[in-house]
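UniProt numbering applies: residue 1 is where the sequence shown begins, and numbers increase by one.
Just so you know, even glycine gets a beta-carbon here, dropped at the ideal spot from N, CA and C.
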Amino acid sequence: MTEQTQSAFTLTKQDNGIAILTMDVPGESMNTLKAAFGEEMTVLLDEIENDSSIKGVVLVSGKDNSFVAGADITMLDACSTADEAMALAKGGQDIFNRIENMRQTFVAAIHGPALGGGLELAMACHYRICTESSATQLGLPEVQLGLLPGSGGTQRLPKLAGIQQAIKMMLTGSSVRAKQAKKYGIVDDVVPRSVLVDVASQFAGKSKPSRKAEPKGLVNKFLEGTAPGRNIVFKKAGEQTQAKTRGNYPAPQQILDVVAIGINKGMQAGLEAEAKAFGQLVMTPESKQLRQIFFATTAMKKESGVADVAPEKVNKVGVLGGGLMGGGIAYVTATKAGVPVRIKDIQPAGIANAMKYSYDLLNKKVKRRFMRKSEMQKQMALLTGTLDYSGLQDADIIVEAVFEDVGLKRKMVADVEQGCKAETIFASNTSSIPIAEIAAEAERPENVIGLHYFSPVDKMPLAEVIAHEKTSDQTISTTVEFAKKQGKTPVVVKDGAGFYVNRILAPYMNEAASLILAGEPIDHIDKALLNFGFPVGPVKLLDEVGIDVGTKIIPILMDAFGERFTAPSAFDKVLADDRKGKKNKKGFYDYRGKKPGKAVDESIYPLLGVSPSKSRSESEISERCVLMMLNEAARCLDEGVIRSARDGDIGAIFGIGFPPFLGGPFRYMDQLGVAKVVERLNYYADKVDAKFKPAAVLETMAAENSTFY
């Protein structure tokens with residue numbers, strides 16, 4: 001046996017004619033593909049090609065947790081022209097084409113994530129074997145960075161999985177698990193991890209396969225196997241893409257175009273189109289912003305709540321209140337963090353509801369075969385319930401999710417201080433009450449903190465960690481680490497009415513309400529903000545959140561910040577008519593009939609005393625609502641409510657769906673130019689309402705011509 005080492009790659013030749021090629025990027029926790037590897041790979045492939053004793057090659061990762069997690073994104077950021085980025089794609093294509101055309105049989109042995117360039121590398125091999133582990137997932141997530149797969153992925157995936165499955169994976173960026181990958185034809189076998197290399201070696205001893213993705217079923221044979229059928233597939237996919245992206249993201253349409261070129265004109269034309277489109281997309285402002293979000297969230301994962309203060313380990317959690325939020329918090333704690341949770345409620349029904357929340361979500365996964373029943377039972381076993389504080393005395397953190405009443409929350413603090421250990425953290429999931437008020441009578445205020453989740457907890461990625469004046473650094477770091485373990489992106493914010501996310505959301509929602517009262521049709525307002533790039537319109541959002549919940553925060557904000565948070569009196573009329581939104585099927589939208597929530601409930605207009613007619617353009621509507629949000633975000637940064645513009649951008653994107661391709665409120669203001677923002681705010685302050693008056697910090701920045709980043 002001889003070994004030859006080359007930094008990231010090791011080639012081990014064996015006596016049986018099968019060589020093992022191990023990829024292990026030094027100093028990185030996961031393998032990523034870098035441009036510099038091109039030369040190393042070329043040297044290795046030359047050696048393999050010229051060695052007649054090598055019959056087959058098994059490509060395996062030296063990392064314990066992953067195959068290859070994709071290309072190194074910083075490499076793309078360093079490109080200054082589309083041609084440079086195109087050259088990177090071409091370099092990858094050339095190496096992968098060479099692997100595909102090698103005399104020897106190449107087999108990818110995959111354990112853990114094989115994503116982006118990692119899956120493209122595997123698809124260039126002649127066979128793919130993966131482990132059955134839940135950590136193994138295969139996907140092409142480039143679209144999430146505003147890109148398309150640039151190293152042959154747009155050409156090879158349709159050949160393996162069929163056109164429809166391939167474009168679905170590329171347009172959503174979602175990955176598939178081992179069994180799905182085999183079903184779709186992406187991998188050839190799924191095996192236990194212990195025999196991965198053995199089985200891959202057996203495949204490496206075979207001759208190369210001749211493959212053709214055969215569409216299953218008559219309909220698919222027509223749709224994928226005939227020119228008119230394929231035209232239908234691409235036309236339909238194009239329409240759905242346009243409806244979803246509203247033209248705000250260029251990558252999805254490019255993916256469709258490039259796949260179609262490969263199918264209609266052959267692989268060579270497809271690869272050329274892919275490299276060219278890749279180069280163009282790397283240079284788009286949309287991709288630039290999406291990459292910045294990627295860098296920001298990656299950096300945030302590495303930071304602790306307070307620099308140099310290590311978090312304490314959380315071994316047991318209590319949740320007070322078994323409502324929707326309590327159930328969601330218990331679910332992410334048990335399933336993501338893997339920590340036992342004890343749910344306390346005053347009613348047995350509350351505990352049952354919270355348990356059912358987790359059961360329903362897990363059962364759906366079992367039915368879809370994402371999870372084994374035994375795994376579901378293991379996770380459900382982490383949840384227990386109680387009507388008093390028994391079993392909570394040794395909890396490390398208690399998360400309170402009872403309704404918004406400061407007296408009730410203070411009583412909970414006192415109960416926890418009485419019944420739990422001295423170090424137990426009390427974290428309140430309040431969305432509006434300042435944490436200092438909740439901790440006002442606490443014996444150990446240093447243990448009290450806010451941990452504000454967004455609904456639905458299992459889906460929304462953000463958590464606000466709110467420290468009041470007396471919260472200890474230790475409590476902050478432990479809470480931040482705990483939120484990360486639950487799969488959240490935590491942003492540390494200063495205590496105060498509305499914290500950060502709801503404080504910037506309120507003026508935006510209020511402006512939408514003002515526009516309704518000015519006679520703008522509700523669906524016109526929502527459509528304007530959907531086209532701007534929000535995932536839901538402001539009025540629809542209010543229905544989703546609950547009109548009663550959404551408006552509860554307004555008086556608290558008015559108390560703290562005065563006039564500019566005054567909500568239109570219309571909200572009172574809506575609530576007086578018992579309209580709470582989706583939850584009681586009465587709101588701004590109509591929830592009866594066959595398509596609930598699709599059309600506006602026309603009876604809302606006479607209730608508000610307006611007759612709707614479009615008199616303002618979509619761009620004016622979106623500009624007015626968004627400017628109110630930008631102005632408030634600038635104030636929050638100036639007052640130290642958020643620690644940095646980066647945190648403010650991530651909070652807005654993950655908390656309220658601020659359009660990711662615009663990079664967040666602060667990157668968007670930089671892009672527009674602060675002077676332009678001030679000019680537009682002054683215009684509306686003059687024409688519409690004094691509440692548009694620009695924040696002092698923006699006026700200063702405009703005068704100094706400075707930026708947030």
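For residue i, list the residues DSSP reports as bridge partners.
{"i": "Asp590", "result": "Lys586"}
{"i": "Val493", "result": "Ile466 and Ile642"}
{"i": "Thr386", "result": "Lys344"}
{"i": "Ile449", "result": "Ala427"}
{"i": "Gln137", "result": "Pro113 and Arg177"}
{"i": "Glu400", "result": "Leu320 and Ser428"}
{"i": "Ile129", "result": "Ala109 and Asp189"}
{"i": "Gly562", "result": "DSSP lists no partner for Gly562."}
{"i": "Ala71", "result": "Leu33"}
{"i": "Gly27", "result": "None, per the DSSP bridge assignment."}
{"i": "Val600", "result": "Tyr589"}
{"i": "Gly581", "result": "Lys586"}
Which two residues bound the contiguous beta strand (DSSP E) that contains residue i?
{"i": "Phe426", "result": "Ile425 to Ser428"}
{"i": "Ser613", "result": "First-last for Ser613: undefined, no H or E at that position."}
{"i": "Val306", "result": "First-last for Val306: undefined, no H or E at that position."}
{"i": "Gly56", "result": "Gly56 to Ser61"}
What are the boundary residues of the alpha helix (DSSP H) that includes residue i?
{"i": "Gln254", "result": "Ala251 to Lys265"}
{"i": "Val319", "result": "Unbroken run through Val319 is the beta strand (DSSP E), Val317 to Leu320; no alpha helix (DSSP H)."}
{"i": "Asp83", "result": "Ala82 to Glu100"}
{"i": "Phe532", "result": "Ile522 to Phe532"}
{"i": "residue 752", "result": "Nothing about residue 752 can be read from this structure; the chain reaches only from 1 to 709."}
{"i": "Ser52", "result": "Segment: none, Ser52 is in no alpha helix (DSSP H) and carries neither H nor E."}
{"i": "Val688", "result": "Taken as a continuous stretch (DSSP letters only), Val688 belongs to no alpha helix (DSSP H), as it is neither H nor E."}
{"i": "Val457", "result": "From DSSP, Val457 is part of no alpha helix (DSSP H); its letter is neither H nor E."}
{"i": "Tyr668", "result": "Pro665 to Leu672"}
{"i": "Thr241", "result": "Ala227 to Thr245"}
{"i": "Asn510", "result": "Val501 to Leu517"}
{"i": "Lys168", "result": "Ile163 to Thr172"}
{"i": "Ala702", "result": "Ala696 to Glu704"}
{"i": "Thr475", "result": "Asp473 to Lys485"}
Quick one, which of the options has its alpha-carbon nearest residue i's?
{"i": "Asp15", "options": "Ile398, Gly205, Ala89 and Glu511", "result": "Gly205"}
{"i": "Lys216", "options": "Ile163, Asp189 and Ser175", "result": "Ile163"}
{"i": "Gly673", "options": "Glu602, Ala702, Thr136 and Phe692", "result": "Ala702"}
{"i": "Leu557", "options": "Asp578, Lys484 and Phe565", "result": "Phe565"}
{"i": "Leu607", "options": "Lys586, Ala161 and Gly238", "result": "Lys586"}
{"i": "Ala570", "options": "Glu620, Asp559 and Ala512", "result": "Ala512"}
{"i": "Ala237", "options": "Tyr668, Arg246, Leu171 and Phe106", "result": "Leu171"}
{"i": "Glu437", "options": "Asp495, Thr424 and Ser7", "result": "Asp495"}
{"i": "Pro64", "options": "Asp51, Leu196 and Ile186", "result": "Correcting the residue identity first, residue 64 is Asp in this sequence and not Pro. The shortest C-alpha separation from Asp64 is found at Leu196."}
{"i": "Pro694", "options": "Gly640, Val677 and Glu704", "result": "Val677"}
{"i": "Asp308", "options": "Ser622, Ile476 and Thr154", "result": "Ile476"}
{"i": "Asn447", "options": "Gly153, Ile425 and Ile343", "result": "Ile425"}
{"i": "Glu443", "options": "Met460, Val457, Ser428 and Val416", "result": "Val416"}
{"i": "Gln253", "options": "Lys179, Gly225, Pro149 and Asp458", "result": "Pro149"}
{"i": "Leu698", "options": "Ile95, Ala675, Gln486 and Glu239", "result": "Ala675"}
{"i": "Pro538", "options": "Pro445, Phe658, Arg410 and Cys636", "result": "Phe658"}
{"i": "Ser134", "options": "Phe370, Asp473, Lys573 and Ala685", "result": "Phe370"}
Any contact of the stretch 488–505 with the stretch 453–467, i.e. 3+ C-beta pairs under 8 Å? With three or more CB-CB distances shorter than 8 Å, the stretch 488–505 counts as touching the stretch 453–467.
Segment contact, 8 Å Cβ cut-off, at least three pairs: the stretch 479–492 with the stretch 514–524: Too few Cβ pairs lie closer than 8 Å, so no.
Would you call the stretch 280–297 in contact with the stretch 138–145, where contact means no fewer than 3 C-beta pairs closer than 8 Å? Cβ pair count under 8 Å is three or more, so yes.
Using 8 Å as the Cβ pair cut-off and three pairs as the minimum, do the stretch 264–278 and the stretch 641–650 touch? Proximity of the stretch 264–278 to the stretch 641–650 falls short of the contact definition, fewer than three beta-carbon pairs being nearer than 8 Å.
At least three beta-carbon pairs within less than 8 Å, the stretch 100–110 to the stretch 82–91: Cβ pair count under 8 Å is below three, so no.
Count Cβ pairs between the stretch 655–665 and the stretch 531–545 that sit closer than 8 Å; are there 3 or more? Touching, per the Cβ criterion.
Do three or more CB pairs link the stretch 622–642 to the stretch 666–682 at distances below 8 Å? Contact check between the stretch 622–642 and the stretch 666–682: three or more CB pairs, one atom from each, fall below 8 Å, which counts as touching.
Using 8 Å as the Cβ pair cut-off and three pairs as the minimum, do the stretch 399–411 and the stretch 384–391 touch? No: the two stretches stay apart, fewer than three of their Cβ pairs being nearer than 8 Å.
Inspect the CB distances between the stretch 172–191 and the stretch 125–134 and report whether three or more fall short of 8 Å. Taking 8 Å as the limit for Cβ pairs, the verdict is that the stretch 125–134 does touch the stretch 172–191.
Under 8 Å: do the stretch 390–399 and the stretch 362–369 share three or more Cβ pairs, one atom per stretch? Contact between the stretch 390–399 and the stretch 362–369 is not established, with fewer than three Cβ pairs separated by less than 8 Å.
Counting pairs of Cβ atoms below 8 Å between the stretch 340–360 and the stretch 298–307, do you hit three or more? Contact between the stretch 340–360 and the stretch 298–307 is absent: fewer than 3 CB-CB pairs across the two stretches fall below 8 Å.
If you pair each beta-carbon of the stretch 95–108 with each one of the stretch 166–182, do three or more pairs fall below 8 Å? These segments do not touch.
For the pair the stretch 89–96 and the stretch 47–61, tell me if three or more CB-CB distances fall below 8 Å. No, the stretch 89–96 does not touch the stretch 47–61.
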